[in-house]
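**Q** First residue of the sequence shown: 278, per the working numbering; consecutive thereafter.
The beta carbon of each residue, even a glycine, is placed where N, CA and C say it ideally should be.
Structure incoming, see below.
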Amino acid sequence: MVSLGQKPTVTTYSILLHGYAMEQSFHEMHCLIDLMVGNGIAPNHFVYNILISAYAQEETVGEVMHIFTKMRQEGLNPDVANYGAVINLLSSIGRMDDAMSQYNQMITEGLLPGIIVFTPLISGFCSCGKWEKVDELFSEMLDRGICPDTVFFNTVMDHLCKNGRVIEAQDLFDLMVHMGVKPFVRDYNTLIHGYCLVGKMDEGRKLLDNMCSIGLKPDDFTYSILIDGYSMKGRIGDALIVVREMLDRKVKPSIITFNIMIGALLKGGRKEEAKDLFDGIWAKGLVPDVVTYRLMIQKLIEEGSLQDSDDLFLSMEKNGCVADSRMLNAIVRSLLQKGDVPRAGTYLSKIDERRFTFEASTASLLTSLASGGKGQEYKELLPEEYHSFLEQGTG
Numbered sequence: 278m279v280s281l282g283q284k285p286t287v288t289t290y291s292i293l294l295h296g297y298a299m300e301q302s303f304h305e306m307h308c309l310i311d312l313m314v315g316n317g318i319a320p321n322h323f324v325y326n327i328l329i330s331a332y333a334q335e336e337t338v339g340e341v342m343h344i345f346t347k348m349r350q351e352g353l354n355p356d357v358a359n360y361g362a363v364i365n366l367l368s369s370i371g372r373m374d375d376a377m378s379q380y381n382q383m384i385t386e387g388l389l390p391g392i393i394v395f396t397p398l399i400s401g402f403c404s405c406g407k408w409e410k411v412d413e414l415f416s417e418m419l420d421r422g423i424c425p426d427t428v429f430f431n432t433v434m435d436h437l438c439k440n441g442r443v444i445e446a447q448d449l450f451d452l453m454v455h456m457g458v459k460p461f462v463r464d465y466n467t468l469i470h471g472y473c474l475v476g477k478m479d480e481g482r483k484l485l486d487n488m489c490s491i492g493l494k495p496d497d498f499t500y501s502i503l504i505d506g507y508s509m510k511g512r513i514g515d516a517l518i519v520v521r522e523m524l525d526r527k528v529k530p531s532i533i534t535f536n537i538m539i540g541a542l543l544k545g546g547r548k549e550e551a552k553d554l555f556d557g558i559w560a561k562g563l564v565p566d567v568v569t570y571r572l573m574i575q576k577l578i579e580e581g582s583l584q585d586s587d588d589l590f591l592s593m594e595k596n597g598c599v600a601d602s603r604m605l606n607a608i609v610r611s612l613l614q615k616g617d618v619p620r621a622g623t624y625l626s627k628i629d630e631r632r633f634t635f636e637a638s639t640a641s642l643l644t645s646l647a648s649g650g651k652g653q654e655y656k657e658l659l660p661e662e663y664h665s666f667l668e669q670g671t672g
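Quick look at the structure:
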């Protein structure tokens, strides 16, 4: 471009700067800024916002505030977008006093905060559990004539649901509809999840039916939430009804959905159906993950099919799915409960070889088994690293 005699503009530099920011190439970003200034082009608000946002991604507060201060030194007062980026960073790391200080400063400077300021600020106070401040800021936002968007509503509803405040989340959902903000599938999913978390499955089910009645198509996550919720409540029959509805409506399950469905079937004692579902995963263009294998292997151990469980474990790793710490600890516990100490020792060796965490619940079970008077016998069957747990049980 330069070789053709064309002079780069601030827009040109901004595009290049954004590319470096996406790659977190901070040295190149500053070199480009120096080149830009050297060519007589002063950075504008948009350029500074790229810099602020890039450092905010790394949560380097000191550098962000340095850039913020430098703007003023260069005679450029921050705009709403600049303040929004800084407030978003401070709120995301829980520095709410500093976030409010920036908010008050922008008000003092005569700037009108928009949804890009209120959303992270209110979300931050939700994370801190300061619900009175959330109500105060929400009222202020409405008084200023700022209409919340679906991102705002979903963010706050998610916080409420995760804190067990599902009734307030429902009220917010109703307000969203009343204000003419059309809820998306994700908004329904958030609220359904909230009801499932507090065990109000019938309310969650009503929301699914409501979605369908207004023409919204539930996705695999919608069904997964309900299947998992019913399963956790022991309502396996209802969980399987939702599974059938999902498949009838041609909603393609993700591997997470398959895992939940398999877990529900196993919990309901329907092992053959779970196995059929497991065998059908590949036909759906999916690959079992470590959770899928863990569910199936633990069930095989539970029913005493120990060689089959070993074979499935070997098949899993042959297919490129590597066992994680949680899986190996779960297998060891299942084998210890089954009384197969030699096999448990084999998997304990894998935990040690891979430098995984030996979970407290696994250690506790090993210690309690040794207290039955077989500590010395078990020592001969287990790796030396775990003998101390047996000694605790015999002491």
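Since N606 and T639 should fall inside the 8 angstroms C-beta cutoff, what is the C-beta to C-beta distance between them, to a whole number of angstroms?
**A** 5 angstroms
**Q** When the distance is taken between beta carbons, is I423 closer than 8 angstroms to I392?
**A** yes
**Q** Could you give the DSSP three-state label for F622: helix, strand or coil?
**A** Correcting the residue type first, residue 622 is Gly in the shown sequence and not Phe. Looking at G622 - three-state DSSP - the assignment turns out to be helix.
**Q** Under the three-state reduction of DSSP, which class applies to P285: helix, strand or coil?
**A** coil
**Q** Between which two residues does the alpha helix (DSSP H) harbouring W408 extend?
**A** W408 to D420
**Q** Please confirm whether S350 and A331 have their CB atoms less than 8 angstroms apart.
**A** First, the residue type needs correcting, since residue 350 is Gln and not Ser in the sequence shown. The answer is no: Cβ separation not under 8 angstroms.
**Q** Starting from N381, trace the alpha helix (DSSP H) both ways and give me its first and last residue.
**A** M373 to T385
**Q** Do D556 and K529 have their C-beta atoms within less than 8 angstroms of each other?
**A** no
**Q** On a Cα-Cα basis, can you pick out the residue from N359, H322 and L367 that is closest to T337?
**A** L367
**Q** Here's the rule I'm using: 16 or more other beta-carbon atoms within 10 Å means buried, otherwise exposed. How should S378 be labelled?
**A** That one is exposed.
**Q** Does the separation of the CB atoms of F402 and M434 fall below 8 angstroms?
**A** no
**Q** First and last residue of the alpha helix (DSSP H) that includes F395?
**A** I392 to S404
**Q** With a cut-off of 8 angstroms on the beta carbons, I'd call I327 and S291 a contact; round off their distance for me.
**A** About 7 angstroms separates the beta carbons of I327 and S291, which is inside the 8 angstroms limit, making them a contact pair.
**Q** So F461 packs on T427, CB below 8 angstroms; how close in whole Å?
**A** F461 to T427, Cβ: 6 angstroms. Contact.
**Q** L437 and L419: beta carbons closer than 8 angstroms?
**A** no
**Q** By how many angstroms is the C-alpha of A358 removed from the C-alpha of T385?
**A** A straight line joining the alpha-carbon of T385 with that of A358 spans about 16 angstroms.
**Q** To which residues of the same chain is Y500 closer than 7 angstroms at the C-beta, ignoring the five residues directly before and after it?
**A** V519, M523, V528 and T534
**Q** Tell me the residue span of the alpha helix (DSSP H) that contains L468.
**A** V462 to L474
**Q** Using only alpha-carbon positions, find the residue among L485, D525, L312 and L543 that is nearest to M509.
**A** L543
**Q** On a Cα-Cα basis, can you pick out the residue from D451, Y380 and K284 that is closest to G315?
**A** K284
**Q** Helix, strand or coil: how does DSSP classify G545 here?
**A** G545 falls in the coil class under three-state DSSP.
**Q** Across the stretch 628-639 and the stretch 583-596, are there enough close Cβ pairs to call them in contact, namely three or more that are closer than 8 angstroms?
**A** no
**Q** Got a sec? Which residues, its chain only, sit under 7 angstroms from E550 by beta carbon, not counting five neighbours each side?
**A** L542
**Q** Taking all protein chains shown into account, do 16 or more other C-beta atoms lie within 10 angstroms of the C-beta of L389, making it buried, or fewer, making it exposed?
**A** Under the 10 Å beta carbon count, L389 is surrounded by fewer than 16 other beta carbons and is classified as exposed.
**Q** Using a threshold of 8 angstroms, state whether the C-beta atoms of L572 and D585 are closer than that.
**A** For L572 and D585, no; Cβs fall outside 8 angstroms.
**Q** Quick check on DSSP: helix, strand or coil for K561?
**A** helix
**Q** When you compare only the Cα positions, how much space is there between L309 and L294?
**A** 7 angstroms
**Q** Compare the Cα-Cα distances from M299 to each of G317, Q334 and D617 and report the closest residue.
**A** Q334
**Q** Suppose the cutoff is 8 angstroms on Cβ atoms and the five residues either side in sequence are ignored; what does the same chain contact list for K477 look like?
**A** V443
**Q** As a quick exercise: from N536, R526, G481 and S531, pick the residue whose alpha carbon is nearest that of D515.
**A** When only C-alpha atoms are compared, the closest one is G481.
**Q** Compare the beta carbon distance of V246 and D601 with 8 angstroms and say whether it is the shorter of the two.
**A** Given a span of 278 to 672 for the chain in the structure shown, any question on residue 246 remains unanswerable.
**Q** Just to confirm my understanding: we take N321, look at its own chain, exclude 5 residues before and 5 after, and list those with CB closer than 7 angstroms. What are they?
**A** V287
**Q** CB-CB under 7 angstroms to L583, same chain, minus the five flanking residues each way: which ones, in chain order?
**A** D617 and R620
**Q** Report buried or exposed for E445, applying the criterion of at least 16 other Cβ atoms within 10 angstroms of its Cβ.
**A** buried
**Q** Give every residue of the same chain whose Cβ lies closer than 7 angstroms to the Cβ of G540, excluding the five residues on either side of it in the sequence, and list them in chain order.
**A** S508 and L572
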